[in-house]
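Numbering (this note's numbering), first residue to last: 7 to 404. Heads up, the beta-carbon is just placed ideally off N, CA and C, and yes, glycines get one too.
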């Protein structure tokens, strides 16, 4: 288990970078790129390039190679100075038997259960990369049609799929109260999704519309479908990453770099193909148009740089948490940052306060916390302590 202070830094880093990433993506979507001076808002064209945003994300992930290579160089330099030694507890901790046991246990785990990720095994990270690529593109489309807070709340559904996939593929036991908590998450996500469709937030193109209330917003419904569908792929990504990183020795920063590189290759290969097939009929895949919008609007490429930076940090912190705690803990923290995104969106005037969203979000967070053992209602306590261990902690068994 990591030290509490180190875990706190990882959690705080994931929250800050995650909030910044979502807010910046929504800000980029709100930038007018064509017909901006037209008095009719419905004729203005806003930045809607989810594929370019996905490419931007992988650029940020691939950029961490520079940091990783610097760390490797520094580690080798220190090793040459100090010579290669056996791992021995520090002088300060030699009197602490617990530290000695922890160090010995760590050596045993590394020697018996972990293999180096080398050669063709590096390509195992292409599997979560494809999941990440597809999920991110779907979510970028969904963010165009939904408010930032609703988008983030719907992403909380990832804990449902992560929990279920962990049960089937990571062989984790789930008690009855954990299944009940997942149903609470489903209920909360349903309420949030319905509030987005039945009581939609204003979009940039309809700020001055006088059409009155819209009983059912099909665009918001489409956004909800895209975001929820993406969570299946995101949960798959989390579980596959945990499976790989629990079997092989791989630094989180290197894992981010591998996914970034594989993602760049995949997106750059797929963009011309998508443009050839859908470019003329689907603006999302119009490669030249997207490049023109990015290159000629400083706000668009400026936010793009900030997004790439934030996603690099977010994925590093996320994978570090996956390694030191668990995939479910990562999805839980990812859900909790919703509150901060909502607060920022309300402060910026992007959204209106909605008690229905408060209700849905509260139920969703309650279910998530119960699922991970953060909250333990007495009436849901299992009798045997062995079954009460939350999925927040990693199981070290093969």
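Cβ shell of residue i (< 6 Å), same chain only, five flanking positions each side left out
{"i": "residue 37", "result": "53, 305, 306"}
{"i": "residue 324", "result": "20, 336"}
{"i": "residue 180", "result": "173"}
{"i": "residue 256", "result": "123"}
{"i": "residue 193", "result": "369"}
Beta-carbon proximity of residue i to residue j, cut-off 7 Å
{"i": "residue 347", "j": "residue 28", "result": "yes"}
{"i": "residue 254", "j": "residue 121", "result": "yes"}
{"i": "residue 266", "j": "residue 131", "result": "no"}
{"i": "residue 252", "j": "residue 16", "result": "no"}
{"i": "residue 259", "j": "residue 322", "result": "yes"}
{"i": "residue 241", "j": "residue 171", "result": "yes"}
{"i": "residue 303", "j": "residue 39", "result": "yes"}
{"i": "residue 184", "j": "residue 377", "result": "yes"}
{"i": "residue 370", "j": "residue 125", "result": "no"}
{"i": "residue 368", "j": "residue 30", "result": "no"}
Per DSSP, the bridge partner or partners of residue i
{"i": "residue 457", "result": "Given that the chain is displayed from residue 7 to residue 404, the structure contains no residue 457 and the question cannot be resolved."}
{"i": "residue 51", "result": "40"}
Anticipated Cβ contact below 8 Å, residue i with residue j, distance rounded
{"i": "residue 134", "j": "residue 246", "result": "5 Å"}
{"i": "residue 51", "j": "residue 41", "result": "6 Å"}
{"i": "residue 299", "j": "residue 55", "result": "7 Å"}
{"i": "residue 317", "j": "residue 66", "result": "4 Å"}
{"i": "residue 155", "j": "residue 351", "result": "5 Å"}
{"i": "residue 149", "j": "residue 292", "result": "Wrong, their Cβ atoms sit about 19 Å apart, outside the cutoff."}
{"i": "residue 275", "j": "residue 13", "result": "Not quite, the Cβ-Cβ distance comes to about 38 Å (not below 8 Å), so this is no contact."}
Cβ shell of residue i (< 8 Å), same chain only, five flanking positions each side left out
{"i": "residue 381", "result": "372, 375"}
{"i": "residue 158", "result": "28, 343, 344, 347, 348"}
{"i": "residue 49", "result": "41"}
{"i": "residue 18", "result": "none"}
Own chain, CB closer than 7 Å to residue i, minus 5 neighbours either side, in chain order
{"i": "residue 152", "result": "202, 226, 229, 230, 233"}
{"i": "residue 139", "result": "60, 269, 272, 273"}
{"i": "residue 264", "result": "128, 131"}
{"i": "residue 71", "result": "263"}
{"i": "residue 160", "result": "195, 198, 199, 230, 233, 234"}
{"i": "residue 68", "result": "263, 266, 267, 270"}
{"i": "residue 58", "result": "296, 300"}
{"i": "residue 294", "result": "none"}
{"i": "residue 359", "result": "352"}
Neighbour flag for residue i against chain C, beta carbons, 7 Å
{"i": "residue 204", "result": "The structure shown contains no chain C; it is built from a single protein chain."}
**Item:** the region 139 to 146 / the region 231 to 251 touching (three or more Cβ pairs under 8 Å)
**Value:** yes
**Prompt:** Does the region 279 to 287 come close enough to the region 155 to 167 that 3 or more CB-CB pairs lie under 8 Å?
**Reply:** Between the region 155 to 167 and the region 279 to 287 there are fewer than three C-beta pairs closer than 8 Å, too few to call the two in contact.
**Asked** Can we say the region 309 to 318 touches the region 13 to 27, given the rule of at least three CB pairs closer than 8 Å?
**Response** yes
**Message:** I want to know whether the region 282 to 292 touches the region 73 to 81 - three or more CB-CB distances under 8 Å.
**Reply:** no
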